[in-house]
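Novice: In our numbering, the protein residues as written are 223 to 597. Virtual Cβ for every residue (Gly too), placed ideally from N, Cα, C.
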């Protein structure tokens, strides 16, 4: 008889805890996933912090936290608590006591440029006797920008040094009528419009306004990501993006206003990544974010539309810098038209061991072939 009462008591306890867990297991429970920073550069290390907090009296003897993230974020312990196929699938198990917080850091390396989010965050809990599973799905807004690593090849670096020197020397050739820097003596080269009559009356001698020099003309970075090769050369497209990032970094660091125009589709909007001319550290971040979101999994629109826009606004820029591994006739036709209109430009042309780029003789002086090794 005692055995029967023990069995009935055990069944009663099992039923009570089963109902209790079913109603209350996720009350006061919070699970957050957060990256240790909002942005990183390709090749850098970062951390994903996994925090589980149980703010109630009910313990959770076994709580599974499952989530997915891109496999381009290479976690150090990949293979033990996880699996990697098209995504990185993580399955962590926690034993959480009442009123306890547990934080776990998961180091990883950013293997590739991109924009990453946490996908499919699921919680799976068990009751005290592990007889049933209790499931809850959560959403995560956590995101990480991985900026392209600026290109550092020797040929590219030398060409950028020449380019930046030319831009800096030309930016001071035109006076800015709105930038007032003081008063100076009149010279025969000055016009009556420059005379400061109040200062002239006070001093009894002709005085003119001393003006600063304009720094408002911009450099346009043109990123053509249309792939005209029979075999897709993604390494050359990525190299073009890295070169554009390096060029923006150099020019913005020297105070030059930079615009970015591309036919590469934005991962979030689907529209081509384009940024108007601006300067400063904040604009560098905008450029990096735009380049990080370029989606090479989707084919870029034809270069023709981008070329038409460039020709319409060619006079608005001091210098145009092209990054294009595609050297087909439409690209070189555009460059020759710019040459005939006496527009200043430079063409950085990534090439590889499987690509034979034929640059027309007229454009050879303006083209910088950059060899990209296979990875």
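From residue 495 to residue 420, what distance separates their C-alpha atoms?
Specialist: Between residue 495 and residue 420, the C-alpha separation is close to 50 Å.
Novice: Would the segment 349-366 and the segment 315-322 be scored as touching if the rule is three or more Cβ pairs under 8 Å?
Specialist: Segments in contact, no.
Novice: Let me know the secondary structure DSSP gives residue 589 once reduced to three states.
Specialist: In this structure, residue 589 counts as strand in the three-state DSSP scheme.
Novice: Out of 405, 418, 385, which one is the CA nearest neighbour of residue 569?
Specialist: Ranking 405, 418, 385 by Cα distance to residue 569 puts 385 first.
Novice: Using 8 Å as the cut-off, can you tell me whether the segment 515-534 makes contact with the segment 472-491, which would need three or more C-beta pairs spanning the two stretches below that distance?
Specialist: Output reads yes: the segment 472-491 touches the segment 515-534.
Novice: Based on DSSP bridge pairs, tell me the residues matched to residue 324.
Specialist: According to DSSP, which records beta bridges pairwise, residue 324 is partnered with 274.
Novice: Buried or exposed for residue 255, going by 16 or more other Cβ atoms inside 10 Å?
Specialist: So residue 255 counts as buried.
Novice: Rounding to the nearest angstrom, what Cα-Cα distance links residue 491 and residue 512 in this structure?
Specialist: Taking the straight line joining both Cα atoms gives about 11 Å.
Novice: Out of 479, 502, 447, state which residue places its alpha-carbon closest to the alpha-carbon of residue 547.
Specialist: Looking at the Cα atoms, 447 is the closest of the given residues.
Novice: Quick one: is residue 527 buried, meaning 16 or more other Cβ sit within 10 Å of its Cβ, or exposed?
Specialist: Residue 527 comes out exposed.
Novice: Taking 9 Å as the cut-off, decide whether the C-beta atoms of residue 588 and residue 572 are in contact.
Specialist: Against a cut-off of 9 Å, the Cβ pair of residue 572 and residue 588 comes out as no contact.
Novice: Less than 9 Å between the beta carbons of residue 260 and residue 366, yes or no?
Specialist: A contact, by the Cβ cut-off of 9 Å.
Novice: Could you give the distance in angstroms between the alpha-carbon of residue 285 and the alpha-carbon of residue 267?
Specialist: In a straight line, the C-alpha of residue 285 is about 28 Å away from that of residue 267.
Novice: Can the beta-carbon of residue 599 be found less than 9 Å from the beta-carbon of residue 440?
Specialist: This structure does not reach residue 599, given that the chain is present from 223 up to 597, and the question cannot be answered.
Novice: According to DSSP, is residue 584 helix, strand or coil?
Specialist: DSSP places residue 584 in helix when its eight states are reduced to three.
Novice: What span of residues does the beta strand (DSSP E) with residue 342 cover, start to end?
Specialist: 341-348 is the extent of the beta strand (DSSP E) around residue 342.
Novice: Using 8 Å for Cβ pairs, my map puts residue 558 next to residue 584. What's the rounded Cβ distance?
Specialist: Contact holds; Cβ gap of about 6 Å.
Novice: Around the C-beta of residue 308, are 16 or more other C-beta atoms found within 10 angstroms, so that it is buried, or is it exposed?
Specialist: Burial call: exposed.
Novice: Identify which residue in 405, 442, 336 has its Cα closest to the Cα of residue 425.
Specialist: Closest by alpha carbon: 405.
Novice: According to the neighbour-count rule (16 or more other Cβ atoms, all chains shown, within 10 Å of its Cβ), is residue 586 buried or exposed?
Specialist: So residue 586 ends up on the exposed side.
Novice: Looking only at its own chain, which residues have a Cβ that is under 6 Å from the Cβ of residue 290, when we skip the five neighbours before and after it?
Specialist: Closer than 6 Å at the Cβ level, and outside the excluded window around residue 290, lie 309, 311, 341, 342.
Novice: Between the alpha carbons of residue 349 and residue 253, how many angstroms are there, rounded?
Specialist: C-alpha separation (whole angstroms): 18 Å.
Novice: Which residues share a DSSP beta bridge with residue 296?
Specialist: Per DSSP, 331.
Novice: Where DSSP assigns a beta bridge to residue 541, which residues make up the other side?
Specialist: Note: residue 541 sits in a beta bridge opposite 441.
Novice: Considering only residues of the same chain and omitting the five flanking positions on each side of residue 578, which have a CB-CB separation below 7 Å?
Specialist: Closer than 7 Å at the Cβ level, and outside the excluded window around residue 578, lies no residue.
Novice: Once the 5 residues before and after residue 407 are set aside, which same chain residues still bring their CB inside 8 Å of it?
Specialist: Cβ neighbours of residue 407 beyond the five flanking positions: 427, 428, 429, 430.
Novice: Are residue 330 and residue 275 closer than 9 Å when you measure CB to CB?
Specialist: It is not a contact, given that the beta carbons lie outside the stated cut-off.
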